[in-house]
Amino acid sequence: MFAAEPAVEILLEAIKKIGQEQVRGVARLVKLVEPHNYPIPRAVALIFQAVPGSNPTNVIGTLSLTENNGMVTISGSVNGLPPGPHAIHVHEFGDLSNGCLATGAHYNPFRSDHGSQENPPSARHVGDLGNIVTPVRFLNFVQHRFCAIIDVLQITFKPSGPTPINIEDSLITFTGRRGIVGRAFVIHERVDDLGRGGDAGSRTVGNAGARLACGVIGYVAPGTA
Numbered sequence: 003m004f005a006a007e008p009a010v011e012i013l014l015e016a017i018k019k020i021g022q023e024q025v026r027g028v029a030r031l032v033k034l035v036e037p038h039n040y041p042i043p044r045a046v047a048l049i050f051q052a053v054p055g056s057n058p059t060n061v062i063g064t065l066s067l068t069e070n071n072g073m074v075t076i077s078g079s080v081n082g083l084p085p086g087p088h089a090i091h092v093h094e095f096g097d098l099s100n101g102c103l104a105t106g107a108h109y110n111p112f113r114s115d116h117g118s119q120e121n122p123p124s125a126r127h128v129g130d131l132g133n134i135v136t137p138v139r140f141l142n143f144v145q146h147r148f149c150a151i152i153d154v155l156q157i158t159f160k161p162s163g164p165t166p167i168n169i170e171d172s173l174i175t176f177t178g179r180r181g182i183v184g185r186a187f188v189i190h191e192r193v194d195d196l197g198r199g200g201d202a203g204s205r206t207v208g209n210a211g212a213r214l215a216c217g218v219i220g221y222v223a224p225g226t227a
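Numbering (the numbering used here), first residue to last: 3 to 227.
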């Protein structure tokens, strides 16, 4: 069970103290907890390449987010990542400075250990979104035969293509205690071990390594195509 959302806690306390007739006035104050009093079902994040010690300027991808019936869907792609798996998380702060380090730690309002999306909410961070995979792309594959005995394979690689991102998660939300709008996606250099490594690094960050890219999550204006 999750703790009550802050707005709910405020409203319940108000009912106890001042009675039903004052609830409408308190509700108007509660609206200040979130920036809108109507649902905004879409958000977006521009993903920037991390620049050690500086602010990022190079956009390498875009992620679109939708929230519907308790599920947040994240879709898009990122360019320029090394081939192979990379951890992706939501971090605490929407500050991309200092090589994405200013985004802080994984978003973890319930102070849980790091884990996978398949774990129960008590055994993962809200920001734990698993791994994405950058495909390896081949430009050429040639087999050379010498003396009818020895085969030599010549493989030429070309730069990795776009990294597709398609994630669904029912723990993250746009608003409330599990809300991720205003926070940041961070993509890491290594695979996330999903908290199964048995060491302190695994239990906190999944041994995911350095931060390669990051982007702030923001609302999309209603009616925007």
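Ideal Cβ placement from N, Cα and C applies to all residues, glycine included.
Keep in mind it's a predicted model, so treat the numbers as computed, not measured.
Out of the options, which has the shortest C-alpha to C-alpha gap to residue i?
i	options	result
F176	D194, T59, G63, V92	V92
V207	H116, M73, N71	H116
R126	R113, T136, N133	R113
N133	P123, R139, S118	S118
G78	T165, V188, N100, G203	T165
L214	F50, D201, R44, P41	F50
R139	L196, P85, N71	P85
P122	D171, T136, I90, L48	D171
G178	G96, P111, N57, I62	P111
G82	L196, L103, S162, G55	S162
I2	G184, R44, H108, T226	With the chain covering 3 to 227 only, the question about residue 2 has no answer from this structure.
DSSP beta-bridge partners for residue i?
i	result
G220	V46
N168	S77
T68	R44, T75
G181	T175
H116	The partner list for H116 (beta bridge, DSSP) is empty, contrary to what the question assumes.
How is the alpha helix (DSSP H) around residue i delimited, first residue to last?
i	result
G203	202-207
So residue i packs on residue j, CB below 8 Å; how close in whole Å?
i	j	result
G211	R198	Actually they do not touch by this definition, with Cβ atoms about 16 Å apart.
I1	L65	What is shown of the chain runs 3 to 227, which leaves residue 1 out entirely.
H88	I189	5 Å
F95	A186	7 Å
A58	L98	Correcting the residue identity first, residue 58 is Pro in this sequence and not Ala. Confirmed, Cβ separation roughly 5 Å.
V74	G63	Actually they do not touch by this definition, with Cβ atoms about 18 Å apart.
Would you call the CB atoms of residue i and residue j closer than 8 Å?
i	j	result
A47	G101	no
C216	T105	yes
Y221	I90	no
At which residues does the beta strand (DSSP E) containing residue i begin and terminate?
i	result
T136	130-136
N86	The displayed chain sequence assigns Gly, not Asn, to residue 86. Per DSSP, G86 belongs to the beta strand (DSSP E) from 86-93.
V188	186-190
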